[in-house]
Amino acid sequence: MAVAKNGKRPADRSSTPPGTDPHQGAAHAGAFGCFEQGSSGRLSPDRLLNVLRRTGILPDDPRIAETVANLDRARPAPPPAEPWLLAAEEFAAATQRNRGIIERAARGELAVPDFPALVADLQRIYQEVRADRRGAVAAYIPQLARVDADQFAISVCTVDGQRFSIGDADVNFCLQSVSKTVNYCLTLEEHGPDTVHRHVGREPSGQGFNELTFNKAGLPHNPMINAGAIMSCSLIQRGLDAADRFDFVADTWKRLAGGRGVGFNNSVYLSERNTADRNFALGYSMRERGAFPSGTDLLATLEFYFQCCSIEVDAQQLAVAAASLANAGVCPLTEDPVFSARTVRHCLSLMSSCGMYDFSGEFAFTIGLPAKSGVSGALMLVVPQLMGIAIWSPRLDAHGNSVRGIEVCRGLVDCYNVHTYDLLTGTGAGSGKRDPRLRRQQSAIEGIVGLCFAASQGDLNEIRRLTACNVPLGAADYDGRTALHLAAAEGHRDIVEFLLSMGVDPQPVDRWGGTPLDDANRFGHRELVQLLADATGTDLAGR
Ligand code: GLU
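Position 234 (the sequence shown) corresponds to 234 in full-length UniProt numbering; numbering is contiguous.
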């Protein structure tokens, strides 16, 4: 993945200049071999693009732009009677500059290896949640009240730039409070956390997002509520004029979202400004307390805040921006290091504790992931080091969160082990959860291999841990050997007792017809012979 764990720019894998890589020929021919070819031993370019699409690498991905252009140029016109196929050398030439991402996709090495399974789950969740018509659109300004309430989009982007969208994913909506995340990041990048937090706290307020309340130091409680976000606006690029400050923020969103420009809804902005008594009250109150940096122009700051709320994106862009946060600040599609990893860490921490209005504690409990919502019905969810998800559906619940947005989050956490503390409870059969980071079957295989290894080594602690992760204790390897066989053969009485107490089958048969009792016998573990004979009701005298 393109993670810059230390905040450094990751190696640019997708654009190695031709002729500079010593492994070029051999390794690249390997990628060709990863794609299924016809009997001709040649590869259809359309098949190449389809396989990439299935892994989530879409044709408009900048990391395969040259390959797409090369194929377009090489495509025979008029189309030949026979299917157009590429030989290995033609494939290598066409894909040369993008081969990093193409090889990783072909080998199933991207962040979510079984991407079609994720797509199928998102499609199912979308259909289930679509029926939910609870809630009401925000009505404090006519521009939001008029939005078609039924619109609904889910968009995902992994830290390797695998993308999928469903629903109204190309319809623009305004960021509203989701803008607070990026503005906070910008203040951190410019001033560092010490200076920023001389002006804004980092505790949940326990109050409504626009409540007239401040912390004991007279500062806004945190940057994710209105007062704190107004404070962020006072800190961003103070030396620039209003137009350049806005461009700076809009350009940051563009970079986070993969390079496609964002919009601006002027009527939302004008309406926000005209109905902003509460935000003005927050601003004056903070000024009275001396909370702003000296020399702050309050009116300009508030207007800047309304403008940021009125920036428009679609769900696809918001998902890529969320994936940039998941990827430690580096955009997965362009590898542009927009924010440092440290900045993103701070922002995700506050999104986790304060990002979902008065529902933040409940959201942290049930979903366990950093997120930020806005009154337009936007919800940005971040699964660190894995993916970003954008959900947009305008009907809101009593807290101001998108009703369907919350339901999609629930659906995801129900089927994947992405809640931060799922790492304690694992995946395994009983949890009903899968690990999206694994290849198909990988978790089951690893569980069984780990179990058999722990049984042979006498590592009861590890077996208890695997039990907690719901690894089936009676599972057998390819040879039909179970943990009980191995513990019996190696003479690990405590493990044999533990497995029997957990109710595993006491006489499984391996591919050579052997049972654990046979193993205990063969290796002379007398006590275990007796134990297993008792457990299986075997008459030792008769053997
Ligand atoms: N522009 C809105 C306000 O300041 C933001 C509301 C929100 O999304 O939380 O009231």
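Backbone N, C-alpha and C fix where the C-beta goes; we use that ideal spot for every residue, glycine too. These numbers were taken from a predicted model, which means no experiment stands behind them.
Within 6 Å of the C-beta of C308 there is not a single heavy atom belonging to the ligand GLU. The beta carbons of P394 and G411 sit no closer together than 7 Å.
Considering only A488, A341, L86, the residue with the shortest C-alpha distance to L531 is A488.
Relative to the Cα of A136, the nearest Cα in the group V408, D114, P83, D148 belongs to D148. W253 carries a helical assignment under DSSP once its states are collapsed to helix, strand and coil.
Secondary structure at L48: helix, using DSSP grouped into helix, strand and coil.
R404 has its alpha-carbon roughly 45 Å from the corresponding atom of A74. Q176 has its Cβ nearer than 6 Å to a heavy atom of the ligand GLU.
Looking at A475, R522, G513, H492, the one whose alpha-carbon comes closest to that of G503 is A475. Apart from sequence neighbours up to five positions away, the residues of its chain that approach R130 with a beta-carbon distance below 7 Å are F152, ordered along the chain. Note on geometry: alpha-carbon atoms of L48 and S40 lie some 15 Å from one another. Rounded to whole angstroms, the Cβ separation of A454 and E462 is 4 Å, and the two are in contact under 8 Å. If you compare the alpha carbons of R97, L186, L235 with that of D297, the shortest gap goes to L235. Contact check between the region 478-488 and the region 515-525: three or more CB pairs, one atom from each, fall below 8 Å, which counts as touching. Counting only the Cα atoms, T213 lies some 43 Å from R434.
Distance from the C-beta of F209 to the nearest heavy atom of the ligand GLU is below 6 Å. Runs of the beta strand (DSSP E) spanning 3 or more residues and lying entirely within the region 331-380 occur at 371-373, in chain order.
The C-beta distance from R63 to G161 rounds to 7 Å, short enough to meet the 8 Å contact threshold.
The beta carbon of N172 sits no closer than 6 Å to any heavy atom of the ligand GLU.
Boundaries of the alpha helix (DSSP H) harbouring R287: 277-288, taken from the DSSP string. About 6 Å separates the Cβ atoms of R260 and Q317, confirming a contact at the 8 Å cut-off. Residues A153, I154, S155, V156, A315, Q316, A319 of the same chain have their beta carbon placed closer than 8 Å to that of S165, with the five preceding and five following residues left out of the count.
T482 carries a strand assignment under DSSP once its states are collapsed to helix, strand and coil.
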